[in-house]
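Engineer: Okay, here's the structure, questions in a sec.
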Amino acid sequence: MTERPSNVSSPADPPFSPGLAGIPVARSKISYLDGQKGLLEYRGLRIDVLAQRSTFVETAYLLIFGELPGEAALNRFTADLIAHRQIKFRITDLMKCLPEGGHPMDALQAAVAALGMFYPAKHVKGRDVQYSSVVRLLAKLPTIVAAYARMRRGDNPIPPQDDLDHAANFLYMLTGKPPDPLTARVLDVCLILHAEHTMNASTFSGLVTASTLADAYTVVSSAIGTLMGPLHGGANEEVLLMLREIGSPEKARAYLDRQLAAGEKIMGLGHREYKVKDPRAVILQSLAKELFARFGKSPLYEVAEAIEREAVTRLAAKGVYPNVDFYSGIVYQKMGLEPDFFTPVFAMARVAGWLAHWVEQIQDNHIFRPTEIYEGVHGRDYLPLGQRGA
Ligand code: ACO
């Protein structure tokens, strides 16, 4: 038996970058970010301009089809989305059978995987299959999320309402009440901000699945699973739990010092790409202020601001600033969402980016098959059971 110490690589090994950091895995025209300047563009359009002037539906079209739609195209796309908002009763029944205490991201992942069984879409390179998968997934995710939120607390799901736009309809399906226009607009902007973000963990996960020519439902359910973790989309839920634990702005400094001394990360701070404040966090912070001006302050917002102030003196030198998830949870909480539904709302937005990358990838597909550096042993003897020791 020969053994090579695990920290020694052979001259024949390819360069190794843990987590694929800095390794391009695709050529893409969908989005661009400059982490030093705090710049994010979708198809060349700045995120702050889209947040101010676009809608989620228009932005999703832009991301997936490459251009802002003309009036007729936008009308058709909007009408198609509205026509496909309903979900089959079997999907609702499936969610009813899930454990009450289960995480809504798991329910969403299961429901999206099941959706694919109703709409078999094998020929993923076909334009019609792509369009119908895009429309169904964008349209049905909010219905699934809202239905699960209601069923979990023992209420019946509320069917979608055709005369409400994408975000307003989601809020309506959650509460059964016509949503306040400011709240609906703020949610729509949140969806724009979360719709796409270059090559991130969940998009990569979706693309690995897409590269096998699996259908879009399977691609999106893979991506949902990856979005769930606290180092990715799950951070927005963790931020709110952290702010609740801290409780008041005066306690922010001691909390930060305690966590940093223990080598713990502060949720909602830091980003692999941004070394300045995430431009989406800047927009979300001002949306939070707008909501609070209208509906009254949230004490958690003051705790968040205190954490941000204290973190600057301790972490700015490392390029660690608030990311998109730092203020999003406070905004969603003000809308009446429970913390474990923050990440499903993120998924309702990011599905646009996942689908854009899916469409782009399968035009010139190569199955992902990376390599690894083997660090194990060779040529071992097979010992009979009685000779293996404890
Ligand atoms: N709190 C405290 N210190 C931090 C934080 C943080 N949130 N983030 C980074 N740092 C420090 C690290 O300790 C490290 O310090 P060191 O050089 O002294 O060891 C340095 O900054 C670099 O950190 P890395 O972990 O190497 O940065 P990386 O780019 O790998 O990680 C990540 C980025 C995973 C997002 C990290 O910042 C983090 O865990 N943040 C908290 C979780 C979070 O908010 N995730 C959401 C990201 S946005 C999204 O996915 C939608």
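First residue of the sequence shown: 71, per this note's numbering; consecutive thereafter. Just so you know, even glycine gets a beta-carbon here, dropped at the ideal spot from N, CA and C.
1) With a threshold of 16 other CB atoms inside 10 Å of the CB of arginine 113, please say whether the residue is buried or exposed.
2) Only counting the same chain, and skipping five residues up and downstream in sequence, which positions put a Cβ closer than 6 Å to that of arginine 74?
3) Using DSSP's beta-bridge definition, name the partner residues of leucine 103.
4) Please classify valine 119: is it buried, with 16 or more other beta-carbons within 10 angstroms of its beta-carbon, or exposed?
5) How far does the alpha helix (DSSP H) with lysine 359 in it extend, from its first residue to its last?
6) Given 7 Å as the limit, tell me if isoleucine 93 has its C-beta closer than that to any heavy atom belonging to the ligand ACO.
7) Would you give the residue range spanned by the alpha helix (DSSP H) that methionine 418 belongs to?
8) Where does methionine 71 land, buried or exposed, given buried means 16+ other C-beta within 10 angstroms?
9) Taking 6 Å as the limit between beta carbons, can you name the residues of its chain near leucine 453, skipping five residues before and five after?
10) Confirm the yes/no value for this check: CB of leucine 370, any heavy atom of the ligand ACO, distance under 7 Å.
11) Figure out for me which residue from Asn239, Trp428, Thr282 and Pro85 has the closest Cα to the Cα of isoleucine 437.
12) Under 6 Å from any heavy atom of the ligand ACO, by CB: list those residues in chain order, please.
13) Assess, as a yes-or-no matter, whether the segment 131-142 is touched by the segment 420-432 under the definition of 3 or more beta carbon pairs within less than 8 Å.
14) Which one of Asp83, Pro251 and Leu330 has the shortest CA to CA distance from alanine 237?
15) Given a cut-off of 8 Å, decide if isoleucine 400 and leucine 358 are closer than it, judged by their beta-carbon atoms.
16) Can you tell me the Cα-Cα spacing of histidine 193 and valine 278, whole angstroms?
17) Between the segment 224-243 and the segment 254-263, do three or more beta carbon pairs fall short of 8 Å?
18) Please go through the same chain and pick out, in chain order, the residues whose beta-carbon is closer than 8 Å to the beta-carbon of leucine 207, but skip the five residues on each side of it.
19) For glycine 172, I'd like the list of residues in its chain whose CB is within less than 8 Å of its CB, leaving aside the five on either flank, ordered along the chain.
20) Are the segment 315-327 and the segment 339-353 touching, with three or more C-beta to C-beta distances below 8 Å?
21) From what residue to what residue does the alpha helix (DSSP H) around glycine 399 run?
22) Please give me, in chain order, every unbroken run of the alpha helix (DSSP H) with length at least 4 that falls completely inside the segment 127-158.
23) I need the straight-line Cα distance from aspartate 83 to glycine 449, nearest angstrom please.
24) Would you kindly report the start and end of the unbroken alpha helix (DSSP H) that includes phenylalanine 188?
25) Using the DSSP secondary-structure output, state which residues sit across from histidine 267 in a beta bridge.
26) Is the segment 260-270 touching the segment 100-115 in the sense that three or more CB pairs, one from each, lie closer than 8 Å?
Structural biologist: Short version:
1) buried
2) In this predicted model, arginine 74 has a pLDDT of only 49, less than 50, meaning its place in the structure is not dependable enough to derive any value.
3) Leu110
4) Around the Cβ of valine 119, a 10 Å sphere holds fewer than 16 other Cβ atoms; the residue is exposed.
5) For lysine 359, the enclosing alpha helix (DSSP H) covers residues 349-365.
6) no
7) 412-433 is the span of the alpha helix (DSSP H), which, as asked, contains methionine 418.
8) Per-residue confidence for methionine 71 stands at a pLDDT of 48, beneath the threshold of 50, marking its modelled position as unreliable; no derived number is given.
9) None.
10) no
11) Thr282
12) Leu301, His302, Gly303, Ala305, Lys335, Ile336, Met337, Gly338, Leu339, Gly340, His341, Arg342, Leu385, Lys388, Val390, Asn393, Val394 and Asp395
13) Segments in contact, yes.
14) Cα-wise, what sits closest to alanine 237 is Pro251.
15) Position check: residue 358 holds alanine in this sequence, whereas leucine was assumed. In contact: alanine 358 and isoleucine 400 (Cβ atoms closer than 8 Å).
16) 17 Å
17) yes
18) Val182, Leu185, Ala286, Tyr287, Val290, Val421 and Leu425
19) none
20) no
21) 394-404
22) 141-153
23) 20 Å
24) 174-188
25) Per DSSP, none; premise fails for histidine 267.
26) Put simply, the segment 100-115 touches the segment 260-270. At least three CB pairs are less than 8 Å apart.
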